[in-house]
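Reading through the structure tokens given below for one structure.
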Amino acid sequence: MAKDETAWEALEQSVEQLFRAAGYYVERGVEQNGFEFDIIATRAEFAGLRMRIAVECKHRADGTVTNTDIHSFKNAFQATKDDLNFTHAIVVTNHRFSRQAHEAVGKDERFRLLTYASLEDELLGAQSYLHSATRQYRSHVRNKFIDLSADIVHGDARGTVPRLVKHLASAIQDEDQLFALILGDFGTGKTNSSSIFVHWGTSTLSRHTSTLR
Numbered sequence: 031m032a033k034d035e036t037a038w039e040a041l042e043q044s045v046e047q048l049f050r051a052a053g054y055y056v057e058r059g060v061e062q063n064g065f066e067f068d069i070i071a072t073r074a075e076f077a078g079l080r081m082r083i084a085v086e087c088k089h090r091a092d093g094t095v096t097n098t099d100i101h102s103f104k105n106a107f108q109a110t111k112d113d114l115n116f117t118h119a120i121v122v123t124n125h126r127f128s129r130q131a132h133e134a135v136g137k138d139e140r141f142r143l144l145t146y147a148s149l150e151d152e153l154l155g156a157q158s159y160l161h162s163a164t165r166q167y168r169s170h171v172r173n174k175f176i177d178l179s180a181d182i183v184h185g186d187a188r189g190t191v192p193r194l195v196k197h198l199a200s201a202i203q204d205e206d207q208l209f210a211l212i213l214g215d216f217g218t219g220k221t222n223s224s225s226i227f228v229h230w231g232t233s234t235l236s237r238h239t240s241t242l243r
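If you count by the working numbering, then the sequence shown holds residues 31 to 243, one letter each, in order.
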């Protein structure tokens, strides 16, 4: 695979993971009416409303994303928005947008142009939080933690896992496992296990996103 294709794929995967972490259901490489969308992100909102976002990823080693790129994406959006039930559209780049690209969007509030860093901050408020949270938990967890066992209830299925944090770290990467509720008596390790899990998550995401900066 060519270098540019590898970088583009890394950007697309990273954008996908951001949307998943923010609670969206994500589809990639969706084709409709001769157009292909890098990512479609869907999430239920309040009062039964649903947000469904068409996402175009534009990796640039240098230069800018141009108005030609934006017009092409807008045409695809307009041609398929009814069939695919789009509500919004986002173009994401690792670099910059030209002035003409911003002008191509105009005052259409359905469209947004975001750098990867801006998308990350908007979806997760991630970057500043990740670094502070990692520092906060680092001293707490080092050489002081035993990964506890726990009883697991998932739907009608019940069982026991020998290492709770390891289980959560694996489960959170499953798009169908959007949250977990940890219950237990006072002093059984709920807060400590949650702290370790947050430390793992912030460290992992921080290391991953830093490769795109």
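Virtual Cβ for every residue (Gly too), placed ideally from N, Cα, C.
CA-to-CA distance, residue j to residue i, given in whole angstroms
{"i": "residue 213", "j": "residue 200", "result": "19 Å"}
{"i": "residue 47", "j": "residue 190", "result": "28 Å"}
{"i": "residue 37", "j": "residue 137", "result": "31 Å"}
{"i": "residue 139", "j": "residue 65", "result": "22 Å"}
{"i": "residue 61", "j": "residue 67", "result": "6 Å"}
{"i": "residue 120", "j": "residue 104", "result": "10 Å"}
{"i": "residue 116", "j": "residue 39", "result": "23 Å"}
{"i": "residue 108", "j": "residue 130", "result": "20 Å"}
{"i": "residue 114", "j": "residue 72", "result": "11 Å"}
{"i": "residue 194", "j": "residue 56", "result": "27 Å"}
{"i": "residue 86", "j": "residue 63", "result": "17 Å"}
{"i": "residue 224", "j": "residue 45", "result": "26 Å"}
Cβ-based burial, residue i [other Cβ within 10 Å; buried from 16]
{"i": "residue 112", "result": "exposed"}
{"i": "residue 41", "result": "buried"}
{"i": "residue 75", "result": "exposed"}
{"i": "residue 211", "result": "exposed"}
{"i": "residue 148", "result": "exposed"}
{"i": "residue 99", "result": "buried"}
{"i": "residue 32", "result": "Because residue 32 carries a pLDDT of 49, less than 50, the predicted location of this residue cannot be relied on, and the following value inherits that uncertainty. When all chains shown are included, residue 32 counts as exposed."}
Three-state secondary structure assigned by DSSP to residue i
{"i": "residue 170", "result": "Unreliable placement is indicated for residue 170, whose pLDDT of 44 sits below 50; the coordinate value is still reported in the next sentence. Here residue 170 sits in helix by DSSP."}
{"i": "residue 220", "result": "helix"}
{"i": "residue 117", "result": "coil"}
{"i": "residue 129", "result": "helix"}
{"i": "residue 138", "result": "coil"}
{"i": "residue 250", "result": "For residue 250 there is no data in the structure shown, the boundaries of the chain being 31 and 243."}
{"i": "residue 75", "result": "coil"}
{"i": "residue 37", "result": "helix"}
{"i": "residue 84", "result": "strand"}
{"i": "residue 226", "result": "helix"}
{"i": "residue 213", "result": "coil"}
{"i": "residue 54", "result": "coil"}
{"i": "residue 96", "result": "coil"}
Any non-hydrogen atom of the ligand NAD closer than 7 Å to residue i Cβ
{"i": "residue 97", "result": "This structure lacks the ligand NAD; in fact it carries no ligand of any kind."}
Is there contact between the region 90-97 and the region 122-135, where contact requires at least three CB pairs shorter than 8 Å? By the C-beta criterion, the region 90-97 is judged to be in contact with the region 122-135, since at least 3 inter-stretch pairs fall below 8 Å.
Closer than 8 Å is the cut-off here; do at least three beta carbon pairs connect the region 42-56 with the region 145-154? yes
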